[in-house]
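Here is the structure we will look at, set down as structure tokens.
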Amino acid sequence: MYDDALHMPRARQGQAPDVFRPGGWVPMREYRNDEPVDFVIVGTGAGGGTLACKLAEYGFSVVAFDAGPYFRPLEDFASDEAEQTKLYWTDDRIVDGANPLQLGSNNSGKAVGGSTVHFAMVSLRFRPEWFKSRTVLGYGADWPLDWREMWDYYTEVEQALKISGPVTYPWGPPRPRYPYRAHPLNAAARALAKGCEALGIDWTETPLATISAPRGLAHPCVYRGFCVTGCSTNAKQSALVTWIPRALAAGAEIRDLAMVGRIEVDDNGLVSGVHYHRDDGWHFQRARNVVVAGYAIETPRLLLNSATDRYRDGLANSSGLVGKNLMTQSNQAVWGVMDDEVRSYKGPPSLAITEHWNYADKGKDFFGGYAYMSQGPLPQLWANTQASAHGLWGGPLVEEMKNYNHVVGLKIVGEMLPQETSRVTLADEVDQYGLRIPRVTYSWCDNDKRLIDHSLKFMSRALQAAGAKDLWIQEDDTCHLNGTARMGDDAGTSVVNADCRSWDIPNLWICDGSVFPTVGGVNPSLTIQAIACRTADRIRAMARRGELNRSARRSSAPISATTDATASTA
Amino acid sequence: MSRAVERDVLAGAGLALSVLAAAAVLAPKAGSSRIRSQRIAALPRSGPQPRTAVRAARRLNGAAGMLAASVLADSSVEHYRGSFKNRAMYTPLVVSALTLATSLHGTSDMRPLAHRLRDGCYLLAAATGLLGTGFHFYNVTKKVGGFSWQNLFYGAPLGAPMAILLSGLLGFCSERVRETARSPRPEMFGLPAARTIAAVTGAGLLGTSGEAGLLHFRGAFHNPFMAVPVTLPPIGAALLFNAAARGQGRAHPFTRAWMWLLTAMGLAGVGFHAYGVSRNMGGWRNWSQNVLNGPPLPAPPSFTGLALAGLAALGLMREHRDA
Ligand SMILES: Cc1cc2nc3c(=O)[nH]c(=O)nc-3n(C[C@H](O)[C@H](O)[C@H](O)COP(=O)(O)OP(=O)(O)OC[C@H]3O[C@@H](n4cnc5c(N)ncnc54)[C@H](O)[C@@H]3O)c2cc1C
Ligand code: SF4
Numbered sequence: 266m267y268d269d270a271l272h273m274p275r276a277r278q279g280q281a282p283d284v285f286r287p288g289g290w291v292p293m294r295e296y297r298n299d300e301p302v303d304f305v306i307v308g309t310g311a312g313g314g315t316l317a318c319k320l321a322e323y324g325f326s327v328v329a330f331d332a333g334p335y336f337r338p339l340e341d342f343a344s345d346e347a348e349q350t351k352l353y354w355t356d357d358r359i360v361d362g363a364n365p366l367q368l369g370s371n372n373s374g375k376a377v378g379g380s381t382v383h384f385a386m387v388s389l390r391f392r393p394e395w396f397k398s399r400t401v402l403g404y405g406a407d408w409p410l411d412w413r414e415m416w417d418y419y420t421e422v423e424q425a426l427k428i429s430g431p432v433t434y435p436w437g438p439p440r441p442r443y444p445y446r447a448h449p450l451n452a453a454a455r456a457l458a459k460g461c462e463a464l465g466i467d468w469t470e471t472p473l474a475t476i477s478a479p480r481g482l483a484h485p486c487v488y489r490g491f492c493v494t495g496c497s498t499n500a501k502q503s504a505l506v507t508w509i510p511r512a513l514a515a516g517a518e519i520r521d522l523a524m525v526g527r528i529e530v531d532d533n534g535l536v537s538g539v540h541y542h543r544d545d546g547w548h549f550q551r552a553r554n555v556v557v558a559g560y561a562i563e564t565p566r567l568l569l570n571s572a573t574d575r576y577r578d579g580l581a582n583s584s585g586l587v588g589k590n591l592m593t594q595s596n597q598a599v600w601g602v603m604d605d606e607v608r609s610y611k612g613p614p615s616l617a618i619t620e621h622w623n624y625a626d627k628g629k630d631f632f633g634g635y636a637y638m639s640q641g642p643l644p645q646l647w648a649n650t651q652a653s654a655h656g657l658w659g660g661p662l663v664e665e666m667k668n669y670n671h672v673v674g675l676k677i678v679g680e681m682l683p684q685e686t687s688r689v690t691l692a693d694e695v696d697q698y699g700l701r702i703p704r705v706t707y708s709w710c711d712n713d714k715r716l717i718d719h720s721l722k723f724m725s726r727a728l729q730a731a732g733a734k735d736l737w738i739q740e741d742d743t744c745h746l747n748g749t750a751r752m753g754d755d756a757g758t759s760v761v762n763a764d765c766r767s768w769d770i771p772n773l774w775i776c777d778g779s780v781f782p783t784v785g786g787v788n789p790s791l792t793i794q795a796i797a798c799r800t801a802d803r804i805r806a807m808a809r810r811g812e813l814n815r816s817a818r819r820s821s822a823p824i825s826a827t828t829d830a831t832a833s834t835a
Numbered sequence: 011m012s013r014a015v016e017r018d019v020l021a022g023a024g025l026a027l028s029v030l031a032a033a034a035v036l037a038p039k040a041g042s043s044r045i046r047s048q049r050i051a052a053l054p055r056s057g058p059q060p061r062t063a064v065r066a067a068r069r070l071n072g073a074a075g076m077l078a079a080s081v082l083a084d085s086s087v088e089h090y091r092g093s094f095k096n097r098a099m100y101t102p103l104v105v106s107a108l109t110l111a112t113s114l115h116g117t118s119d120m121r122p123l124a125h126r127l128r129d130g131c132y133l134l135a136a137a138t139g140l141l142g143t144g145f146h147f148y149n150v151t152k153k154v155g156g157f158s159w160q161n162l163f164y165g166a167p168l169g170a171p172m173a174i175l176l177s178g179l180l181g182f183c184s185e186r187v188r189e190t191a192r193s194p195r196p197e198m199f200g201l202p203a204a205r206t207i208a209a210v211t212g213a214g215l216l217g218t219s220g221e222a223g224l225l226h227f228r229g230a231f232h233n234p235f236m237a238v239p240v241t242l243p244p245i246g247a248a249l250l251f252n253a254a255a256r257g258q259g260r261a262h263p264f265t266r267a268w269m270w271l272l273t274a275m276g277l278a279g280v281g282f283h284a285y286g287v288s289r290n291m292g293g294w295r296n297w298s299q300n301v302l303n304g305p306p307l308p309a310p311p312s313f314t315g316l317a318l319a320g321l322a323a324l325g326l327m328r329e330h331r332d333a
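If you read the protein sequences in the order shown, they are chains A and B.
Residue numbering for the first sequence is 266 to 835, as defined by the working numbering.
Residue numbering for the second sequence is 11 to 333, as defined by the working numbering.
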């Protein structure tokens with residue numbers, strides 16, 4: 266059989282690829298298009314993959330669609346940056362604004378498993394206060410979630426992904442021990458540690474979703490550092506090798522290379538299924554509920570593209586907020602060279618971290634926080650960075666590349682504030698499926714700039730203290746995408762409620778990075794997965810009470826009475 | 011030879027030697043009792059129990075040899091992995107090879123006399139163990155983060171050089187036991203030999219179990235069998251301490267059985283570690299990388315070495331009322 270993941274769907278005829286065995290297959294349940302399934306999920310990444318697993322395990326019938334291919338990492342991934350661009354979402358998009366985003370490799374994936382297939386595995390919890398940042402810290406927007414409840418869901422995800430982390434975590438309220446031990450530090454991580462110790466702040470080993478000991482058929486990490494181009498050993502605990510196999514085992518169907526173009530709404534104003542493109546044709550899958558989990562650009566795009574006469578501004582958009590408040594995270598860096606060899610690309614790229622400026626509130630001239638981590642750019646990316654961000658070309662570029670083994674760097678993941686002007690709208694151009702493409706508008710606000718300034722100054726001092734020379738600053742880089750369908754307590758000021766259920770259409774849900782009201786200063790995937798686990802629990806509870814068909818506006822009572830979020834976290 | 015080839019050869023030789031030696035230590039000694047009785051008959055019989063003492067001494071040589079073999083193989087692999095970055099990293103290979111040879115010599119020596127060279131060599135081994143521990147301690151603390159889990163897990167293993175220290179100690183004990191073949195009771199520095207050795211071995215078991223515990227904690231006890239070497243040996247240690255405290259002239263069948271269990275556990279550990287190696291990327295096909303990456307194959311037999319020492323002590327205790 267011709268078996269090319271990029272061009273021919275693999276999950277069909279009762280089987281799906283076995284990600285743990287080259288050429289292997291596992292059985293997969295299939296549903297007919299005209300058979301209304303309990304849940305259609307659009308996207309199989311951190312949000313969709315997790316939710317598909319949990320809902321299937323709770324006994325719901327689930328079909329999860331992904332526009333991307335279904336890879337077997339052991340045989341499909343090469344240690345080659347150019348080859349692995351096949352993991353990125355590189356469909357046409359238009360970017361503008363004062364600080365246009367660079368889309369693709371550093372923020373969106375297109376594969377079963379979503380962006381987690383090539384993410385950097387950093388798995389952090391929010392600072393508790395961030396769930397009420399408006400009330401407690403005076404900026405952004407409050408979440409409708411209680412941090413204590415989230416603390417338990419974080420634990421569930423950490424266990425499910427066998428996160429390898431430090432024995433004790435220096436910041437925030439106590440958390441259970443990470444299921445696997447931290448990885449050994451590489452020289453780049455030790456440089457971060459040295460800098461922190463010199464400046465008198467805490468650092469620790471980064472909690473990572475890659476295993477430091479065997480787990481089932483997944484091999485432990487081999488420290489070759491190809492993580493952000495896809496892990497070919499299965500050490501990386503992406504959705505592809507964790508939630509998705511569980512989902513299949515529980516009876517979910519995955520449809521790969523299946524692009525959902527439109528959500529159908531029936532005469533009652535409820536969604537009734539999705540139109541999707543697979544095998545050169547459009548099909549319609551009937552469903553009782555639809556969950557959108559396409560990440561913060563594709564999610565609003567699909568909602569907007571599904572506009573009808575009844576919902577002229579797109580689905581779930583009575584608040585007018587679909588697509589608005591797009592937030593990325595600042596990802597600026599300070600680079601230098603060390604006298605000794607560093608070989609920063611050995612091992613996962615961010616083995617050490619400090620969250621000092623996420624938890625310290627004094628000494629800041631900005632709202633929000635940032636973490637910074639050690640770095641390990643692969644050679645092609647590094648050459649690109651030197652050419653674009655450092656402006657080197659020709660002889661000087663070649664000369665600089667000779668220092669590659671001595672390069673050391675620190676990079677932030679910084680909180681950017683939600684602004685309605687940063688947003689996703691529809692352009693008039695269409696893509697290969699004939700769907701209107703997204704226009705992504707982004708501008709930093711003054712607070713974002715102050716945060717970046719602060720971090721660059723601080724990291725420069727830290728890197729110097731670690732002994733690095735010839736420092737230079739990478740001023741413009743961003744990572745992660747959030748917002749665009751925020752959750753909240755009020756239908757007027759949010760798109761979904763705490764259960765990820767749209768206020769407008771009770772059987773339409775959004776469960777991915779789009780629902781974040783704020784982003785905090787940590788990488789988002791752990792929070793996305795925790796929210797998905799919570800959503801699944803809520804859906805099960807509502808189904809048991811027979812509330813799934815009732816309006817979100819009536820059934821959104823919190824499950825626990827604890828909304829006083831941030832007491833006793835300091 | 012280039013330095014790299016030299017390293018390969020050295021580590022390879024160390025491994026081969028230790029495997030051979032371990033086999034020799036464990037091999038049933040066919041015909042040896044005949045030689046023994048012949049030789050012993052020729053010796054002056056001044057002490058009450060020369061046979062018992064010499065037999066116990068030879069067993070201890072065997073135990074010391076087993077530990078030395080384990081150290082030789084382990085330090086060959088681990089220091090090879092560390093590219094013999096520091097010249098001192100060759101030391102444990104040389105010393106454990108010497109100790110091994112010495113122990114083999116001891117196991118086939120029937121004379122009730124301590125051997126000066128053996129004594130010297132065992133003392134050297136003990137000193138190396140102490141020094142090595144110092145080195146490893148320095149390596150751990152000088153790293154950024156100092157005395158932290160990270161450095162305990164991934165820095166030079168603090169407990170590893172203890173094995174050669176124990177080998178030296180047991181060997182040294184062996185010579186003392188041998189020496190007292192002609193005195194009224196086997197003793198060391200005025201202490202009853204068997205009970206002292208039982209106590210030293212118990213302490214060794216605890217230490218080795220601690221080392222296994224640390225490294226298995228690093229591996230998150232991902233396989234339930236990883237709990238075995240942190241549960242059985244401490245019980246063995248307690249049994250040995252008990253025997254040492256009030257054991258004279260008793261047979262201690264349960265403690266003996268437990269020692270045999272630990273002997274087997276140490277050997278089975280190699281199998282488990284081999285399975286652990288197979289779970290790394292590429293499995294045994296990629297052995298040249300995974301033997302270095304995976305759980306150390308030669309480490310578990312140090313339990314066997316200690317359990318053999320425990321058996322020697324118990325044997326002496328059974329056969330000699332005041333030992
Ligand atoms: C290079 C990189 C490094 C990262 N590192 C980290 C990190 O270290 N830690 C961390 O926490 N986060 C990290 N992230 C971010 C993290 O991966 C994402 O935040 C997370 O995966 C988003 O989850 P999601 O479910 O919202 O979307 P995704 O995981 O992106 O999943 C969305 C899926 O939906 C599919 N899809 C979209 N639209 C459609 C449609 N219309 N029809 C069918 N399918 C559709 C896409 O193909 C995709 O597979 C990183 C991201 C990248 C790109
Ligand atoms: S360094 Fe580890 S996690 Fe990263 S790609 Fe290699 S094996 Fe996978």
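Here a beta-carbon is modelled for each residue, glycine too, at the ideal position from N, C-alpha and C.
Item	Value
Using the DSSP secondary-structure output, state which residues sit across from A/W737 in a beta bridge.	A/W600
Within 8 Å (strictly less), CB to CB, does A/Y611 reach chain B?	Reading off the sequence shown, one finds Lys at residue 611 of chain A, where the question assumed Tyr. Not one chain B Cβ lies under 8 Å of A/K611.
Where are the alpha helix (DSSP H) runs, 4 residues long or more, that stay fully inside the region 504 to 544 of chain A, in chain order?	508 to 514
For A/Q594, which of helix, strand or coil comes out of DSSP?	strand
How about A/H540 and A/R527: do their beta carbons lie closer than 8 Å?	yes
Does B/Y148 get closer than 8 Å to chain A when you measure Cβ to Cβ?	no
For A/I476, name the three-state secondary structure that DSSP assigns.	coil
So, using beta-carbon positions, are A/Y560 and A/L426 closer together than 8 Å?	no
In three-state DSSP terms, what is B/H330?	coil
A/V760 and A/A581: beta carbons closer than 8 Å?	yes
Counting only Cβ-Cβ distances shorter than 8 Å, please list the residues of the region 473 to 492 of chain A near chain B, keeping chain order.	S477, A478, P479, R480, H484, P485, V487
Does the pairing of the region 321 to 330 of chain B with the region 261 to 272 of chain B give three or more beta-carbon distances under 8 Å?	yes
Output the distance between the C-alpha atoms of B/F182 and A/L450, rounded to the nearest integer angstrom.	40 Å
Helix or strand or just coil, what does DSSP make of A/F304?	strand
Give a yes or no on whether the minimum CB-CB distance between B/V210 and chain A is below 8 Å.	no
Output needed for A/I734: all residues of its chain with C-beta closer than 8 Å, excluding positions within five of it in sequence on either side, in chain order.	Note on identity: in this sequence residue 734 of chain A is Lys, with Ile being the wrong assignment. Correct list, in chain order: G601, V602, M603, D604.
Do A/C776 and A/V422 have their C-beta atoms closer together than 8 Å?	no
Can you name the residues that DSSP bridges to A/P282?	A/W290
Over the uninterrupted beta strand (DSSP E) stretch that includes A/M638, give me the two end residues.	635 to 639
Have a look at the DSSP bridge pairing and note the partners of A/R701.	A/V695
Just reading off the alpha helix (DSSP H) that A/C461 is part of, what are its end residues?	452 to 464
Tell me the rounded alpha-carbon separation between A/A453 and A/S639.	6 Å
Could you name the residues whose beta carbon sits closer than 7 Å to any heavy atom belonging to ligand 2, keeping them in chain order?	A/M386, A/T475, A/C486, A/V487, A/Y488, A/R489, A/G490, A/F491, A/C492, A/C496, A/S497, A/T498, A/A500, A/K501, A/G612, A/P613
Any beta carbon from chain B within less than 8 Å of A/K501's own beta carbon?	no
For a cutoff of 8 Å on Cβ pairs, would you count B/N290 as touching chain A?	yes
Taking the alpha-carbon of A/Q594 as reference, which of A/N372, A/D269, A/L567, A/L773 has the nearest alpha-carbon?	A/N372
Under 8 Å between C-beta atoms, does B/F145 make it to chain A?	no
Any chance the CB of B/Y100 is under 7 Å from a heavy atom of ligand 1?	no
Looking at chain A, is there any beta carbon in it that lies within less than 8 Å of the beta carbon of B/Y365?	Not covered by the structure: residue 365 of chain B. The range shown for chain B is 11 to 333.
Can you give me the C-alpha to C-alpha distance between B/N8 and B/G229, rounded to a whole angstrom?	The first residue shown for chain B is 11 and the last is 333, placing residue 8 of chain B beyond what the model contains.
Taking buried to mean at least 16 other C-beta atoms within 10 Å of its own C-beta, is A/N596 buried or exposed?	buried
With DSSP run on the structure shown, which of helix, strand or coil describes A/F723?	helix
Identify the contact partners of B/G246 in chain A, using a Cβ-Cβ distance below 7 Å as the criterion.	Result: empty, since nearest Cβ-Cβ is about 26 Å, beyond 7 Å.
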